[in-house]
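**Student:** Can you read through this structure? Questions will come right after.
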Amino acid sequence: MDEESDIDAVDYIQITRDSYSRLGFDPYRWASNPEPAAFVKPSKPLSESKVVLIASGGFYRFGDVAFTHKDDLTHREIPIDTPTTELRVSHFAYDQTSAKADPNSVFPIDALRDMVSAGEVGSLADVALTFMGGIYSQRRLQDTLVPALVERTRELDADLALLVPV
Amino acid sequence: MNPPRAVFTDFPLGNICGPPNDRSTQLAIVGSALDLAYTAEAPGVISPLSHVWPKPWKDEARQLIDKRTPRNDTPQYQNEADRAAAIANHGEDVACAVC
Numbered sequence: 001m002d003e004e005s006d007i008d009a010v011d012y013i014q015i016t017r018d019s020y021s022r023l024g025f026d027p028y029r030w031a032s033n034p035e036p037a038a039f040v041k042p043s044k045p046l047s048e049s050k051v052v053l054i055a056s057g058g059f060y061r062f063g064d065v066a067f068t069h070k071d072d073l074t075h076r077e078i079p080i081d082t083p084t085t086e087l088r089v090s091h092f093a094y095d096q097t098s099a100k101a102d103p104n105s106v107f108p109i110d111a112l113r114d115m116v117s118a119g120e121v122g123s124l125a126d127v128a129l130t131f132m133g134g135i136y137s138q139r140r141l142q143d144t145l146v147p148a149l150v151e152r153t154r155e156l157d158a159d160l161a162l163l164v165p166v
Numbered sequence: 001m002n003p004p005r006a007v008f009t010d011f012p013l014g015n016i017c018g019p020p021n022d023r024s025t026q027l028a029i030v031g032s033a034l035d036l037a038y039t040a041e042a043p044g045v046i047s048p049l050s051h052v053w054p055k056p057w058k059d060e061a062r063q064l065i066d067k068r069t070p071r072n073d074t075p076q077y078q079n080e081a082d083r084a085a086a087i088a089n090h091g092e093d094v095a096c097a098v099c
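Residue numbers (our numbering), protein chains in the order written: chain A, 1 to 166; chain B, 1 to 99.
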């Protein structure tokens with residue numbers, strides 16, 4: 001894509017390729033989505049919209065069950081009024097120094113709450129949806145985790161979904 | 001991934017929404033992402049943001065040192081107090097498969 005040609009991004013992907021090969025698997029086959037993504041223009045202004053935060057990164061709430069570090073296909077639901085001090089993180093594949101110092105580095109719950117307070121965002125869904133990410137099986141991701149997230153997002157009646165990968 | 005639209009922040013892995021405790025930058029990035037829902041005209045737009053990480057980091061990141069943890073298939077808690085709280089709430093069978 002043209003926009004990407006100006007980006008001097010670090011090729012972290014190579015770590016995944018190498019790591020996957022070391023596990024004894026055949027070379028990793030990346031998902032290919034040749035069809036354009038579904039594209040829907042928002043029907044309401046942001047100040048009247050309900051936003052759901054959906055984040056990989058391994059966040060859970062104190063007292064809840066953490067994710068495993070092996071293709072965890074479950075998700076957690078973090079009540080949107082959860083104090084930031086009760087957020088926890090455990091992930092197999094990235095340095096969580098920042099995430100532990102301030103979850104908003106990868107899970108911008110306070111930023112979103114501030115935007116609601118300021119009237120910039122209408123409201124937030126009752127829960128944020130979180131998962132581990134780094135799941136090597138596309139099939140299991142598409143068959144199990146993604147349908148669960150889609151179903152919950154619909155039930156939460158959100159107008160916009162903010163997806164935050166790591 | 002194939003999101004309908006995306007913003008890109010050129011930050012070290014694990015800081016996609018901005019430096020820790022820098023709320024103004026985090027707010028700007030989240031705001032830009034949400035605004036793009038309104039301004040993008042076609043699917044697949046990737047909009048690089050202009051924020052710059054406050055200190056050099058790419059040379060180290062490009063060493064691509066793999067610090068991944070082993071593929072444990074039991075819950076991996078941030079700390080032991082979390083494990084104890086999860087066991088109290090959910091029972092050992094769920095919260096702690098190998099305790």
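Where is the CB? At the ideal position from N, CA and C, for every residue including glycine.
Quick one: Cα of A/A9 to Cα of B/D10, how far?
**Tutor:** Start at 1 with the first residue of the first sequence, and residue 9 of chain A comes out as number 9. Start at 1 with the first residue of the second sequence, and residue 10 of chain B comes out as number 10. Approximately 7 Å between the Cα atoms of the pair.
**Student:** Classify A/P36 as buried or exposed, calling it buried when 16 or more other Cβ atoms lie within 10 Å of its own Cβ.
**Tutor:** Start at 1 with the first residue of the first sequence, and residue 36 of chain A comes out as number 36. Label assigned to A/P36: exposed.
**Student:** Do you know how far the Cα of A/L73 is from the Cα of A/P27?
**Tutor:** As a working mapping, residue 27 of chain A is identified with position 27 in the first sequence. As a working mapping, residue 73 of chain A is identified with position 73 in the first sequence. About 22 Å.
**Student:** Give the single residue among A/H91, A/D81 and A/V51 whose Cα lies nearest to the Cα of B/P70.
**Tutor:** Counting from one through the second sequence, the residue named residue 70 of chain B turns up at place 70. If we check each option's Cα against that of B/P70, A/H91 comes out closest.
**Student:** Report, in whole angstroms, the separation of the C-beta atoms of B/N72 and A/K70, which I expect to be a contact under 8 Å.
**Tutor:** Counting from one through the second sequence, the residue named residue 72 of chain B turns up at place 72. Counting from one through the first sequence, the residue named residue 70 of chain A turns up at place 70. Right, their Cβ atoms sit about 6 Å apart.
**Student:** For a contact defined as C-beta to C-beta under 7 Å, what are the partners of B/H90 on chain A?
**Tutor:** Translated into positions along the second sequence, residue 90 of chain B becomes position 90. Correct list: V65.
**Student:** Near B/Q26, what residues of its chain come up, given a Cβ to Cβ distance below 6 Å and the 5 sequence neighbours on each side ignored?
**Tutor:** For this step, residue 26 of chain B is matched to residue 26 along the second sequence. Taken in chain order, the residues that qualify are C17 and G18.
**Student:** Against chain B, with Cβ distances strictly below 8 Å, would A/D143 count as a contact?
**Tutor:** The residue labelled residue 143 of chain A in the question sits at position 143 within the first sequence. It does not; no Cβ of chain B falls within 8 Å.
**Student:** On the three-state DSSP scale, how would you describe B/Y38?
**Tutor:** Reading the second sequence from its first residue, position 38 is the one you call residue 38 of chain B. DSSP places B/Y38 in helix when its eight states are reduced to three.
**Student:** Could you name the residues of the stretch 46 to 77 of chain B whose beta carbon sits closer than 9 Å to any beta carbon of chain A, in the order they occur along the chain?
**Tutor:** If the cut-off is 9 Å between Cβ atoms, the stretch 46 to 77 of chain B has I46, S47, P48, W57, K58, A61, R62, L64, I65, D66, K67, R68, T69, P70, R71, N72, D73, T74, P75, Q76 and Y77 near chain A.
**Student:** Please say whether B/G14 and A/Q96 have beta carbons closer to each other than 8 Å?
**Tutor:** To locate residue 96 of chain A, count along the first sequence from 1; it is residue 96. To locate residue 14 of chain B, count along the second sequence from 1; it is residue 14. Yes, the Cβ-Cβ distance between A/Q96 and B/G14 is below 8 Å.
**Student:** Would A/A161 pass as a contact of A/V40 if the rule is Cβ separation under 8 Å?
**Tutor:** Start at 1 with the first residue of the first sequence, and residue 161 of chain A comes out as number 161. Start at 1 with the first residue of the first sequence, and residue 40 of chain A comes out as number 40. Contact flag unset, no.
**Student:** Do you know offhand how far A/D157's Cα is from A/S49's?
**Tutor:** Position 157 of the first sequence, counted from the first residue, corresponds to residue 157 of chain A. Position 49 of the first sequence, counted from the first residue, corresponds to residue 49 of chain A. Those two C-alpha atoms are separated by around 10 Å.
**Student:** Could you give the C-beta distance for B/V7 and B/S32, rounded to a whole number, given that I count them as a contact under 8 Å?
**Tutor:** Residue mapping note: residue 7 of chain B aligns to position 7 of the second sequence, counting from 1. Residue mapping note: residue 32 of chain B aligns to position 32 of the second sequence, counting from 1. So it is a contact: roughly 5 Å between Cβ atoms.
**Student:** Could you give the distance in angstroms between the alpha-carbon of B/A84 and the alpha-carbon of B/Q78?
**Tutor:** One-based indexing of the second sequence puts residue 84 of chain B at position 84. One-based indexing of the second sequence puts residue 78 of chain B at position 78. C-alpha separation (whole angstroms): 11 Å.
**Student:** Rounded to whole angstroms, how far is the Cβ of A/V65 from the Cβ of B/A86, which I believe are closer than 8 Å?
**Tutor:** On the first sequence, residue 65 of chain A is found 65 positions in, with the first residue counted as 1. On the second sequence, residue 86 of chain B is found 86 positions in, with the first residue counted as 1. About 5 Å separates the two Cβ atoms, so the contact holds.
**Student:** Hey, is A/D18's beta-carbon within less than 8 Å of any beta-carbon in chain B?
**Tutor:** Mapped onto the first sequence, residue 18 of chain A falls at position 18. A/D18 counts as touching chain B.
**Student:** Measuring only the C-alpha atoms, how far is A/T130 from B/C96?
**Tutor:** Counting from one through the first sequence, the residue named residue 130 of chain A turns up at place 130. Counting from one through the second sequence, the residue named residue 96 of chain B turns up at place 96. So the two alpha carbons sit approximately 20 Å from each other.
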